[in-house]
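Novice: Reminder that position 341 of the sequence shown reads as 381 in my numbering, one-by-one numbering, no gaps.
Before anything else, here's the structure in question.
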Amino acid sequence: MRILIENASIYSLPNKQFIEKGFVYIDKGVITSVGTGNPPPELEFADYVIDGRYSVAMPGFAIGMGDILRYVFRFEKGSIDNIISTLSSNDIEALVATNLASFALNGVTSIVTRVDIIDQKILSAIVRAASECWIRVRILIPINNIDANSVEEIIKSALKNVHDQEAINKNIITFGLYIDVKSDKNIIYVAKTFNARLYIDQDVIETIERNSNVMKDCTLIIRKSLSIEYIPIQKIVYLDPNLWHPEKGLISLDPLQLNPKSFIITMGRVIEKPLEIISTLCQYNPSNLGIGTDIIENGKPADIIVLDFSKPPTGPIPITEYNIAREITSTNYTVDTVVIGGELVVDQGLILTIGDKHIRKARSVIESIDKRAQIL
């Protein structure tokens, strides 16, 4: 699909100039042209044209790494494990899909979610929901004494549930392996086979450092104070905002922080500069987590959000780089458009990838859970 975003301000983050009025052209899932002013005549015949007047185009938000199921069932007082045991895979899919849609409507294009219950019913539901919603989801599997063969079978079985092969080809569905204990050395082979990224806990960094082939393809997770000056791993994310370093990623194990507006508020308590908060969401997180797009430039996958500041409740305002950053960090923004992998996911504030049937299904599942809880 050829998409043209025109008349928009373009927020390309600190290492690129803020464009007050420009255009972005997307073809076959990739950004092929970015510029100031009006697009050249040859780009005007797109399949879909988005008028970005009084709006800003920027890379989508990347968040992680809480368990999305804990977020889905955040209102339930009972045991989540018990609740899940009463649901079908289709039930879980409907609930995950509607929550993924909510993330997209809040500006998220990529999410890394640690899944603590390794069950095919759950994994297949998340895979189907992500491929249907068309939002990048990386399922992070904790390698707690799981051997390489078991991990391989888990990933193989889950991927069989992807109905659209493009979801795999375009990395909409990916897996990650979270290593926080000494693991089967063949895990590295499995990661390469399935293009699964390795996420290494700081406590096992010494065992990983011996394998230079791993260094460039993994992310270090820092939970507590650690000097990173001599660590060979370049991609680093922090779990504690108080420890965060500029140009590194920042995530949370708290599932409630998967909501980007909640996470923005949390970051704002520690990170004073609005531009740094935006850079973390749109640049440092994608880069250090190894998912999504960290800048709007030619050749990058088209994961772009367009925020509308033309009218209430979030406008009109003067469109400048600082004003945009300040409004976003005040969670005062409205998502008009979301493009992920070159596909239109949200348009004019409406989710396009799931419809009323998904929402009705999710409501029905929630009502059945509540009824069972009242009986008990």
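Glycine included, every Cβ here is placed at the ideal spot set by N, Cα and C.
Helix, strand or coil: how does DSSP classify Leu290 here?
Specialist: Strand at Leu290.
Novice: According to the Cβ coordinates, are Cys322 and Phe143 closer than 8 Å?
Specialist: No, the Cβ-Cβ distance between Cys322 and Phe143 is not below 8 Å.
Novice: Check this for me: beta carbons of Asp28 and Arg42, under 8 Å apart or not?
Specialist: This structure does not reach residue 28, given that the chain is present from 41 up to 416, and the question cannot be answered.
Novice: According to the Cβ coordinates, are Gly381 and Pro341 closer than 8 Å?
Specialist: Against a cut-off of 8 Å, the Cβ pair of Pro341 and Gly381 comes out as a contact.
Novice: Would you say Val167 and Leu199 are within 8 Å of each other, going by their C-beta atoms?
Specialist: Yes, these two residues count as a Cβ contact at 8 Å.
Novice: Starting from the C-beta of Pro281, find all residues in its chain whose C-beta is less than 8 Å away, skip the five residues before and the five after it, and write them out in chain order.
Specialist: Here the set comprises Leu290, Thr306, Met307, Arg309, Val310, Ile311.
Novice: For a quick check, are the C-beta atoms of Leu145 and Tyr239 less than 8 Å apart?
Specialist: Cβ atoms of Leu145 and Tyr239: not closer than 8 Å.
Novice: Count Cβ pairs between the region 143-163 and the region 370-385 that sit closer than 8 Å; are there 3 or more?
Specialist: Cβ pair count under 8 Å is three or more, so yes.
Novice: Mark Asn328 as exposed unless 16 or more other C-beta atoms lie within 10 angstroms of its C-beta, in which case mark it buried.
Specialist: So Asn328 counts as buried.
Novice: Can you have a look at Phe63 and say buried or exposed, based on whether 16 or more other CB atoms are within 10 angstroms of its CB?
Specialist: That one is buried.
Novice: Using a Cβ-Cβ cutoff of less than 6 Å, which residues in the same chain neighbour Pro182 once the five nearest sequence positions on both sides are dropped?
Specialist: Closer than 6 Å at Cβ, skipping near neighbours: Tyr218.
Novice: By DSSP, does Phe143 sit in helix, in strand, or in coil?
Specialist: Phe143 falls in the helix class under three-state DSSP.
Novice: The ligand COA and Met98: does any heavy atom of the ligand fall closer than 7 Å to the residue's C-beta?
Specialist: Only the bare structure without any ligand can be found here, which leaves the ligand COA out of the picture.
Novice: Is the CB-CB distance between Gly75 and Ala48 below 8 Å?
Specialist: Their beta carbons are not under 8 Å apart, which means Gly75 does not touch Ala48 by this criterion.
Novice: So what's Glu46 in DSSP terms, helix, strand or just coil?
Specialist: Glu46: strand per DSSP, three-state reduction.
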